[in-house]
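Just so it is clear: in the sequence shown, position 268 is 370 by the numbering used here, and no numbers are missing. Glycine is no exception: its CB is placed at the ideal position from the N, C-alpha and C atoms. Bear in mind that the values here come from a model prediction, so they are computed numbers and not experimental data.
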Amino acid sequence: MSGVPSNSPALPAALLRPANANLSYAGTLQQTNTGGIVTTFAVSERVTGASGAGKNDTVAYHGKSVQSGKGSATTTTFDATVAQEASNIRQGKSVTRTKIAVDDSSGVNATTEYGKGNGVFDVVPEVNGASWTNSAARVVSVADSQAGSTLDDQYLVDGSYSERAVPVLGRTASSQSFPDGNASYQWPLGGEYLNSSISYTPPRYGVLHVLFTDALHHLTDFIELHSWYPAHPLALASDTTKNAGSVRIPKSCRVASHFGTTATELDESVTRVDIVFGEYETTTRTAYVGSAGLLCLHVHDELGTHYDYNALAFSQKLLTTSTVDEVLGLREAGGASGAIASSAVAMPLDANLTVARAELRLQDAAAIYTSLRRVHHVKHASATPIASIALAVHVAYPPAGKAITTPVEVTALDAN
């Protein structure tokens, strides 16, 4: 069976017997970085699913995504668990992503376990105009097998978090982000036995302070900058989804005609503020769901950074920007059971974006360690006209495995 007609009120009996699904998606991913550099990739994904025992209609999905363009291809695999849990909305069920593990061919892997009130992708039975919100509660673990760096984050409902990190060389660092904008990062400056720290204050009269403390040598330094937060009062995280009803499937999805021409549209809008790394991110996901499950996914992600630890720069204005647009449409489907088809909307087809963000966070954590270690040495160096130089590249985080050309800015720094 190659597909499921969209005008059927339920899945055909022939598809209800198999307890597995084989789904094939294809599309494109376009990334635009600072300076307007645009890179386009072809993306293909194959997903298999199997129903599990239990009252929550648990489904385990395994997926493999291949992102190809100039240079070698990047492969991302994921394993996700989706459950249909009782919902207090219309006495229905919430289709909820409970856990996802993502592994990338560059050596980066990430695991997310969603907490209570998080991970809901759909509420069934579906009703036009229905909406719901997700909290930020989750536990995230990230590792880079090549660099040896790891991160373990515990996020609370409001988006605040605590993190334990091994940024480089096996040394341990940690960070805390609080709801009011207070935050701190502690790390062993120069490998010393005492942790030094960076502290970030909430805005006061529109001004932020970043305080550097060298715990071993009892040295401090700070900078002031105007608040870059996009909203007041500060909201570290938001996540809202709305059912937009039945719509025609966009041509950009290139969904095979036998899956139908209309689908239920689910619009998700997500924002994230990270005080420690100076990041503001907005993500919109538009999912088109039919009787075969997830027919198409549009993702638009914008990430702006105000801190650059490689160049020791802090700014109210954006220092770097990155925009990602991804479109994936269903090409083939077979062997889907009713439980699998109804939970397929929660499949993490944008798992490659999860890896990209995980890799960025690992690199930023390492940059704090290495850049501020350099500052430590400069403070105790003899006075010279130029004590060090800082390098800043326009495309700081290119896709793994891809060769690119980017402008590089060189800045001379004195001993201070």
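(request) Report yes or no: do the region 216-227 and the region 242-251 share at least 3 C-beta pairs separated by less than 8 Å? (result) Result no; under three Cβ-Cβ pairs closer than 8 Å.
(request) Compare the Cα-Cα distances from V426 to each of S444, L405, G171 and report the closest residue. (result) Residue mapping note: residue 426 aligns to position 324 of the sequence shown, counting from 1. The alpha carbon of V426 has as its nearest neighbour, out of S444, L405, G171, the alpha carbon of L405.
(message) Let me check one thing: in DSSP terms, what residues is Y257 bridge-paired to?
(response) Position 155 of the sequence shown, counted from the first residue, corresponds to residue 257. Answer by DSSP bridge pairing, in chain order: R240, Y263.
(request) Whole angstroms is fine: what's the gap from G173's alpha carbon to A505's? (result) To locate residue 173, count along the sequence shown from 1; it is residue 71. To locate residue 505, count along the sequence shown from 1; it is residue 403. Spanning the two alpha carbons is a distance of roughly 7 Å.
(request) Could you give the DSSP three-state label for S208: helix, strand or coil? (result) Along the sequence shown, read from residue 1 onward, the residue named residue 208 stands at position 106. It is coil, neither helix nor strand.
(request) Please list, in chain order, all residues of the same chain as R350 whose beta carbon is under 7 Å from its beta carbon, the five residues on each side excluded. (result) Along the sequence shown, read from residue 1 onward, the residue named residue 350 stands at position 248. Sequence-distant Cβ neighbours of R350 in its own chain, meaning closer than 7 Å and more than five residues away, are T363, T364.
(message) Let's test the definition: count the other Cβ atoms within 10 Å of the Cβ of Y307 and tell me whether it reaches 16, buried, or not, exposed.
(response) For the purposes of this step, residue 307 is taken as the residue at position 205 of the sequence shown. Looking at its Cβ environment, which holds fewer than 16 other Cβ atoms inside 10 Å, Y307 is exposed.
(request) Give me whichever residues DSSP pairs with R387 in a beta bridge. (result) The sequence position of residue 387 within the sequence shown is 285, counting from 1. For R387, which the question treats as bridged, DSSP gives the partners E370, V401.
(message) Tell me the residue span of the beta strand (DSSP E) that contains A443.
(response) Here the question's residue 443 lines up with position 341 in the sequence shown. Element bounds for A443: not the beta strand (DSSP E) but the alpha helix (DSSP H), 440-445.
(request) Alpha carbon to alpha carbon, how far is L399 from S354? Give it in angstroms, no decimals. (result) In the sequence shown, residue 354 corresponds to position 252, counting from 1. In the sequence shown, residue 399 corresponds to position 297, counting from 1. Their backbone Cα atoms lie some 10 Å apart in a straight line.
(message) For a test of the three-state rule: what should DSSP assign to I470, helix, strand or coil?
(response) Position 368 of the sequence shown, counted from the start, is the residue given in the question as residue 470. Helix.
(request) Report buried or exposed for T508, applying the criterion of at least 16 other Cβ atoms within 10 angstroms of its Cβ. (result) Within the sequence shown, residue 508 is the residue found at index 406, counting from 1. When all chains shown are included, T508 counts as exposed.
(message) I need the straight-line Cα distance from V268 to A175, nearest angstrom please.
(response) One-based indexing of the sequence shown puts residue 268 at position 166. One-based indexing of the sequence shown puts residue 175 at position 73. Near 28 Å, if we compare the C-alpha coordinates of A175 and V268.
(request) Would you mind reading off the limits of the beta strand (DSSP E) that contains D159? (result) Within the sequence shown, the letter at position 57 stands for residue 159. Per DSSP, D159 lies in no beta strand (DSSP E) and is assigned neither H nor E.
(request) Would you kindly work out how many angstroms separate the C-alpha atoms of P120 and V378, rounded to a whole number? (result) In the sequence shown, the residue the question calls residue 120 occupies position 18. In the sequence shown, the residue the question calls residue 378 occupies position 276. Summary for P120: the model assigns pLDDT 47, below 50, so the residue's position carries little reliability, and this model does not support an answer.
(message) By alpha-carbon positions, which one of A275, L258, D403, T183 ends up nearest to N135?
(response) Position 33 of the sequence shown, counting from 1, holds the residue named residue 135. For the residues A275, L258, D403, T183, the minimum Cα distance to N135 belongs to D403.
(message) Using a 10 Å radius around the Cβ and a threshold of 16 neighbouring Cβ atoms, would you call V309 buried or exposed?
(response) In the sequence shown, counting from the first residue as 1, residue 309 sits at position 207. Looking at its Cβ environment, which holds fewer than 16 other Cβ atoms inside 10 Å, V309 is exposed.
(request) Go ahead and label H408 buried or exposed: buried means 16 or more other beta carbons lie within 10 angstroms of its beta carbon, across all protein chains shown. (result) Looking up residue 408 in the sequence shown gives position 306. Classification for H408: buried.
(message) Closest to N297 by C-alpha separation, out of S207, N122, S286, would be which residue?
(response) Reading the sequence shown from its first residue, position 195 is the one you call residue 297. That would be S286, whose Cα lies nearest to the Cα of N297.
(request) Within 10 angstroms of the Cβ of P332, are there 16 or more other Cβ atoms? Answer buried if so, exposed if not. (result) Reading the sequence shown from its first residue, position 230 is the one you call residue 332. With fewer than 16 other Cβ atoms within 10 Å, it is exposed.
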